[in-house]
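Q: Pasting a structure below so you can have a look.
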Ligand code: DC
């Protein structure tokens, strides 16, 4: 079974993906990390993110087996990933890796922006996670503060809004819910309630409800 989870920045889809994968014994791929890894490789090599040809070459050469670098997780890298992910050639270069990851039994959970619409339109379960920008900014700010780092919540909110705007309005695989996706609004839910709601969706689909 393939579970596709899509949603905007800081919507909690990564945590939900991890928890669902653990619950069902499936592999999990946070596809945002692949775009972040391309962005980091570009910046590390001193290339401008606006250099589309370089971004495509970098994505083509990417070793997507190494996505554990904590430096990929920063908000700056999220913004950079949002820029290079708008290039159709970058998305095309990363397509096979994601499709292949999804194809191995017993099942996989992939989270991102276009899993239910482009990467795995045939996924048995599609969940589109939403939460207001303010709630997402608050969660992200608490997470950063929890790591003992200084945080400016207004700047985090601004960052999230910018990323939403770019990810939704690009022409290549924009962030949007698949027609057959189940909407999960986590604005008023804590993590445990959101995980339970996601499992309920999967179980309802499995039971043919
Ligand atoms: O999910 P994330 O915040 O780690 O994603 C970082 C950026 O990567 C996001 O702003 C847009 C891009 N992305 C994408 O275009 N498609 C995906 N499937 C996942 C991420």
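In the numbering used here, the protein residues as written are 505 to 713.
Even glycine gets a Cβ: it sits at the ideal position worked out from N, Cα and C.
1) Do you know how far the Cα of residue 544 is from the Cα of residue 568?
2) Determine the closest residue to residue 571 out of 540, 597, 549, 565, with distance taken between C-alpha atoms.
3) What does DSSP give as the partner residue(s) for residue 531 in the beta ladder?
4) Does any heavy atom of the ligand DC sit closer than 6 Å to the C-beta of residue 535?
5) Looking only at C-alpha atoms, which of 687, 547, 658, 628 sits nearest to residue 576?
6) Note down the Cα distance separating residue 559 from residue 574, rounded to an integer number of angstroms.
7) Alpha carbon to alpha carbon, what distance is there between residue 709 and residue 507?
8) Does the CB of residue 621 have a neighbour CB from chain D at under 7 Å?
A: On the basis of the data shown:
1) Mapped onto the chain shown, residue 568 falls at position 64. Mapped onto the chain shown, residue 544 falls at position 40. Near 13 Å, if we compare the C-alpha coordinates of residue 544 and residue 568.
2) Counting from 1 along the chain shown, the entry for residue 571 is found at position 67. Answer by Cα proximity: 540.
3) Looking up residue 531 in the chain shown gives position 27. Residue 531 pairs with 612.
4) Counting from one through the chain shown, the residue named residue 535 turns up at place 31. Yes - the ligand DC has a heavy atom lying nearer than 6 Å to the Cβ of residue 535.
5) Within the chain shown, numbered from 1, the residue matching residue 576 stands at position 72. It is 547 whose Cα lies nearest to the Cα of residue 576.
6) Locating residue 559 in the chain shown gives position 55, where the first residue counts as 1. Locating residue 574 in the chain shown gives position 70, where the first residue counts as 1. If I take the Cα positions, the gap works out to 21 Å.
7) Your numbering for residue 507 matches position 3 in the chain shown. Your numbering for residue 709 matches position 205 in the chain shown. Going by the C-alpha atoms only, they are around 11 Å apart.
8) Protein chain content of the structure displayed is limited to a single chain, and chain D is not contained in it.
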